Amino acid sequence: MDTDQNPKAKEKKTVGPSSTSAYRDPHYWDERFSSEEHYEWLKDYSHFRHLIQAHVKPGSSVLELGCGNSRLSEELYKDGITEITCTDLSAVAVEKMRENFSYKGYKEIKVLEADMLDLPFSSECFDVVIEKGTMDVLFVDSGDPWNPRPETVTKVMAMLEGVHRVLKPDGIFISISFGQPHFRRPFFNAPKFTWSFEWITFGDGFHYFFYISRKGRRSLNCEESCEKHEQPSSINLLHEELESEDYIFRMNIDM
Ligand SMILES: C[S@@+](CC[C@H](N)C(=O)[O-])C[C@H]1O[C@@H](n2cnc3c(N)ncnc32)[C@H](O)[C@@H]1O
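In UniProt numbering, the protein residues as written are 1 to 255.
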C-alpha cells in the first residue's frame with residue numbers, strides 16, 4: 001500500500017534501515033536511538049520472566065550485550081538482580097541508558113560502550129551473559145542459513161568465544177532470539193565450547209527461542225541437544241506482529 005495513504009506504514013518506513021546490513025552499523029543505531037526512546041525487540045520481559053527466574057539468582061553478576069533502549073536490565077534490577085553491566089556498540093544508546101539509570105537511582109548498573117565481538121572484560125568474571133536480539137544482527141545478511149557466509153561464521157564465532165571466555169566456569173549464557181535451533185546449534189556446539197545447549201520456546205503465534213548454555217556442562221554423549229518446549233497459547237499469527245519491523249528482521253535472518 002502507498003505509504004502516503006497509510007500513516008502506519010509511513011511511520012515504519014522512517015524506522016527501518018534501507019538495507020538489513022545496517023543493523024550491524026553503529027551509525028544506524030546512533031541515529032535511531034537519538035529519536036527513539038523505547039523499542040523492545042522480540043518480546044518484553046513479562047513473556048520470559050519465569051524463564052529468567054528459573055536460571056538467574058539475584059546475587060548473580062550479569063552482562064547484557066546490545067541493550068539498545070530495551071527495558072530488560074531495568075526489569076532484571078526490579079526483580080533483585082542488581083549487579084548488571086549493560087553494553088552496546090552505540091554511544092547514543094549507552095549515554096541514554098546511563099541517564100535513565102541515573103535518573104531512576106539504579107546506581108549499581110554499569111553501562112559501557114563495547115563491541116560484543118571484542119569484549120573488554122577479563123576472563124571468567126560474569127555469572128550470566130544475556131542478549132536479546134543482538135546476536136541476530138550478525139545473521140541479517142548471512143546468505144543461505146544452512147551454509148552461512150564465512151564473514152558471518154567468523155563474527156558469530158568471535159562473539160561466542162568472547163562470551164565463553166568472560167563467563168565463570170559454571171556461568172550461563174542466555175540468548176533470546178528469532179533464530180531457530182537448527183541454525184544456531186552448529187555455532188553453540190563448536191568443539192571449543194564446554195557449555196551445554198538447550199532451548200525453550202515461548203511466545204504466542206510466532207515462536208521465540210530462549211537458549212541456555214551452561215559452561216562446563218557439555219554432554220559428550222548427546223550430539224542432539226535437549227529441548228524443553230513451552231506450548232504456545234495460541235497458533236494464530238497476530239496481525240500486528242506480521243506488520244512489525246521485527247517480522248522483517250526475522251525473515252531476513254531465517255530465510
Ligand atoms: C535488534 S537490537 C536489540 C536491542 C535490545 N537488546 C532489545 O531487545 O530490544 C540490536 C542491538 O545490538 C546493538 N549492536 C549491534 N551490533 C553490536 C555489536 N557488535 N556489539 C554490541 N552491540 C551491538 C545495536 O546497537 C542494538 O542496540
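Where a beta carbon is used, it is the ideal one built from N, C-alpha and C, also for glycine. Computed from a predicted structure; not experimentally measured.
query                                                                                                                                                                                     : result
Per DSSP, what kind of secondary structure is residue 124 in: helix, strand or coil?                                                                                                      : coil
Taking only runs of the beta strand (DSSP E) that begin and end inside the segment 176 to 230, which ones reach a length of at least 3 residues, in chain order?                          : 198 to 202 and 208 to 214
Mark residue 305 as exposed unless 16 or more other C-beta atoms lie within 10 angstroms of its C-beta, in which case mark it buried.                                                     : The question about residue 305 has no answer here: the residues shown for the chain are numbered 1 through 255.
If you measure between the beta carbons of residue 66 and residue 88, is that distance less than 8 Å?                                                                                     : yes
Kindly identify the DSSP beta-bridge partner or partners of residue 110.                                                                                                                  : 85
Which term fits residue 192, buried or exposed, when burial requires 16 or more other beta carbons within 10 angstroms of its beta carbon?                                                : exposed
Tell me the residue span of the alpha helix (DSSP H) that contains residue 65.                                                                                                            : It is not in any alpha helix (DSSP H) - residue 65 instead sits in the beta strand (DSSP E) that spans 61 to 65.
Might you give, ordered along the chain, the residues of its own chain that have their beta carbon closer than 7 Å to the beta carbon of residue 109, omitting 5 neighbours on each side? : 73, 77, 84, 86 and 101
Among 47, 32, 144 and 33, which residue has its Cα nearest to the Cα of residue 206?                                                                                                      : 47
Roughly how many angstroms separate the alpha carbons of residue 130 and residue 172, rounded to a whole number?                                                                          : 8 Å
Let me check one thing: in DSSP terms, what residues is residue 129 bridge-paired to?                                                                                                     : 63 and 173
Please determine, among 134, 117, 155 and 132, the residue with the shortest C-alpha to C-alpha distance to residue 142.                                                                  : 155
Output the distance between the C-alpha atoms of residue 214 and residue 188, rounded to the nearest integer angstrom.                                                                    : 11 Å
Within a Cβ cutoff of 6 Å, which residues of the same chain sit near residue 18, ignoring the five residues on either side of it in sequence?                                             : none
Name the DSSP beta bridge partners of residue 167, please?                                                                                                                                : 126
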